[in-house]
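Chains as they are written, first to last, in our numbering: chain V, 1 to 137; chain L, 138 to 274; chain R, 275 to 411; chain U, 412 to 548. Quick reminder that beta carbons are idealized off the backbone N, C-alpha and C, glycines included.
Protein chains: 4
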Amino acid sequence: MVGSKQNISNSKDRAGKFFHCTDHERAAFEAGIKLGAIYHQFVGTPVSLGNVDVLEKAIEEGVRVQPFVIDVDVKINRENLFEKKHQYDYMSLTGNMLNVHLKVKYNHSIAVAKIEYIDELHYPLMFISSLENNITI
Amino acid sequence: MVGSKQNISNSKDRAGKFFHCTDHERAAFEAGIKLGAIYHQFVGTPVSLGNVDVLEKAIEEGVRVQPFVIDVDVKINRENLFEKKHQYDYMSLTGNMLNVHLKVKYNHSIAVAKIEYIDELHYPLMFISSLENNITI
Amino acid sequence: MVGSKQNISNSKDRAGKFFHCTDHERAAFEAGIKLGAIYHQFVGTPVSLGNVDVLEKAIEEGVRVQPFVIDVDVKINRENLFEKKHQYDYMSLTGNMLNVHLKVKYNHSIAVAKIEYIDELHYPLMFISSLENNITI
Amino acid sequence: MVGSKQNISNSKDRAGKFFHCTDHERAAFEAGIKLGAIYHQFVGTPVSLGNVDVLEKAIEEGVRVQPFVIDVDVKINRENLFEKKHQYDYMSLTGNMLNVHLKVKYNHSIAVAKIEYIDELHYPLMFISSLENNITI
């Protein structure tokens, strides 16, 4: 039963016995880990129009190898990026430039979580946009 | 009501309207973010017996400034650390050296989450050790 | 004159006036920055056989956008990498897995610098393998 | 002889034989590594007035354990830092906030290198402010 308060018994999850939470809570936790990882691994990376595409792809692929990720899309805001015209003409990736759409599945629980810069908060927010039971995926 | 599927209305949480999940799920998500952040921000930092204490403290204080953290304890395994005897005698922090005990509170939901190296998994596991409703804290 | 102790006057180097060193020393310094950056930006990144190629390419492209880089090659040791067979079957990039070959050019000074794991040091050494005057490149 | 083009033979430097450069060039290279490391290890770290002191100290101590460092001072610009008034009221460390003063010694060569935000470049510049022979330290 999804969302039950028992320990999760999941034949594919070798770590399941260490968790004391529901499938939904687990999916939320796993999503949080991945978003925290993206932000703190890659913020600071040098970026310009010349390497932004491969950087997006590398971030995505680095997320996909982690547990329970079924989909991820990373877009870096190009508004302040240019072709390099002189040696110091590039930026460091900031959290404010990140747009991430992540889907995590634990048993039947699907969490969709995002990183988006929220104007009214002046903050690159990590949030759960949906967390649902889906037996069809 | 804790755990209800409505949008969270929390007068102190300016970001609450962006979330579609229960308080427990939010607490789990916030805990995941912090553990992912610790790991991916600080793995790689140079460490020896000379700076391990201040590094632990800096990681803890960097977690405490983040949203909804009420307690955190970071211990770095000193087993392979030594006083420097020559110039190259120090290490880079790895995930396997991290022991973290984190407590996150969202409304009345308290998530306790950890990073511990698990021998049988050969892996520094991030997991939720408890997630409970506590109206007294 | 290359290697003179005057301030460097380089019409393309908008930062030149802040430096008090020769062209060779500048090339060595710039090479050091890039190797330190590679190591400390990317160590900790999740890696398996599935994403190692794109990660290598992203590291390279992130170096190329930085000042005075004319060539870089990054190889990640695949010895301990596998196709994922279960959820936790991947690694975090360590310095020991990095093989980097970097070429930096400042005026006519060319520094070739490397990161290589050195068995006898038990250490992923960053070093200058050559630093020469080359007016033909 | 300082600055000679032979391989450096330094009884304390177990890695010396891998280098092909002068002592001055080596000092410049070592300084570059440390500045690149500071930037790319710590940019992204959560920071507010509550943890800025310990973060500065941790960065300094993480530099001191690395080879050939004899002095380092790290100051984080507090202009945009405040006491936390709500949950999302903190920042991520950026390169623009960093002021670093580093002294590296290799044999008799002393490199002083800095990170400073340079207004006219709109850039947190890493540069060598002096590189000299000093037999008295």
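Start and end of the beta strand (DSSP E) containing residue i?
| i | result |
| --- | --- |
| Tyr380 of chain R | Leu372 to Tyr380 |
| Lys251 of chain L | Ser246 to Ile255 |
| Leu35 of chain V | Per DSSP, Leu35 of chain V belongs to no beta strand (DSSP E); it is in the alpha helix (DSSP H), Asp23 to Phe42. |
| Leu125 of chain V | Tyr123 to Asn133 |
Measuring CA to CA, which of the options is closest to residue i?
| i | options | result |
| --- | --- | --- |
| Lys221 of chain L | L:Val206, L:Tyr254, L:Phe205 and L:Leu186 | L:Leu186 |
| Gly36 of chain V | V:Ser130, V:Lys12, V:Glu116 and V:His20 | V:Glu116 |
| Phe430 of chain U | R:Ile409, R:Gly306 and R:Ala289 | R:Gly306 |
| Tyr380 of chain R | R:Asn370, R:Phe342 and R:Ile350 | R:Phe342 |
| Val549 of chain U | U:Ile529, U:Gln477 and U:Lys486 | This structure cannot speak to residue 549 of chain U, because chain U is shown only from 412 to 548. |
| Ser540 of chain U | R:Val386, R:Tyr397 and R:Arg300 | R:Arg300 |
| Asn133 of chain V | V:Ala111, V:Val52, V:Tyr88 and V:Glu56 | V:Ala111 |
| Asp347 of chain R | R:His396, R:Glu394, R:His314 and R:Glu335 | R:Glu335 |
| Tyr39 of chain V | R:Ile312, R:Thr319, R:Asp345 and R:Ala387 | R:Thr319 |
| Arg215 of chain L | L:Gly232, L:Leu239 and L:His161 | L:Gly232 |
| Lys349 of chain R | R:Ala302, R:Lys388, R:Asp297 and R:Phe401 | R:Lys388 |
| Thr296 of chain R | R:His382, R:Phe401 and R:Met365 | R:His382 |
| Leu131 of chain V | V:Asp53, V:Ala28 and V:Arg14 | V:Ala28 |
| Asp53 of chain V | R:Glu304, R:Val326 and R:Lys331 | R:Lys331 |
| Ile255 of chain L | R:Tyr362, R:Arg338, R:Phe401 and R:Met400 | R:Tyr362 |
| Val63 of chain V | V:Asn51, V:Gln41 and V:Asn80 | V:Gln41 |
| Tyr364 of chain R | R:Arg288, R:Asp287, R:His298 and R:Asn325 | R:Asn325 |
| Ser15 of chain V | R:His360, R:Val317, R:Ser366 and R:Ile409 | The sequence as given places Ala at residue 15 of chain V; Ser does not occur at that position. The residue with the shortest Cα to Cα distance from Ala15 of chain V is R:His360. |
| Leu513 of chain U | U:Lys423, U:Phe538 and U:Glu531 | U:Phe538 |
| His533 of chain U | V:Leu125, V:Glu120, V:Ser92 and V:Val100 | V:Ser92 |
| Asn99 of chain V | V:Leu55, V:Ile135 and V:Asp13 | V:Leu55 |
| Asp266 of chain R | R:Ile333, R:Phe356, R:Asn354 and R:Val321 | Nothing about residue 266 of chain R can be read from this structure; chain R reaches only from 275 to 411. |
So, is the C-beta of residue i closer than 7 Å to a C-beta in chain R?
| i | result |
| --- | --- |
| His229 of chain L | One point to set straight first is that residue 229 of chain L is Ser, not His, in the sequence displayed. Output row for Ser229 of chain L: interface = yes. |
| His497 of chain U | no |
| Tyr254 of chain L | no |
| Val180 of chain L | yes |
| Glu467 of chain U | no |
| His177 of chain L | yes |
Return no unless some Cβ of chain V is closer than 7 Å to the Cβ of residue i.
| i | result |
| --- | --- |
| Gly506 of chain U | yes |
| Glu216 of chain L | no |
| Lys379 of chain R | no |
| Glu335 of chain R | yes |
| Val386 of chain R | no |
| Cys158 of chain L | yes |
Flag residue i as yes if its beta-carbon sits less than 7 Å from any beta-carbon of chain U, otherwise no.
| i | result |
| --- | --- |
| Val211 of chain L | no |
| Gly169 of chain L | no |
| Lys154 of chain L | no |
Are the C-beta of residue i and some C-beta of chain L separated by less than 7 Å?
| i | result |
| --- | --- |
| Glu494 of chain U | no |
| Leu35 of chain V | yes |
| Val326 of chain R | no |
| Ala28 of chain V | yes |
| Ser520 of chain U | no |
| His101 of chain V | no |
| Val480 of chain U | no |
| Leu509 of chain U | no |
| Ser4 of chain V | Note that Ser4 of chain V has pLDDT 40, beneath the 50 cutoff, so the model's placement of it is unreliable and no number is given. |
Determine the chain B residues that contact residue i at a beta-carbon separation under 7 Å, and present them in chain order.
| i | result |
| --- | --- |
| Asp287 of chain R | In the structure shown, chain B cannot be found, because the protein chains are V, L, R and U. |
> What residue ranges within the segment 49-95 of chain V form continuous beta strand (DSSP E) runs of no fewer than 3 residues, ordered along the chain?
Replying inline: 69-76
> Residues in the segment 119-133 of chain V with C-beta within 7 Å of chain L's C-beta atoms, listed in sequence order?
Replying inline: Leu121, Leu125, Met126, Phe127, Ile128, Ser129, Ser130 and Leu131
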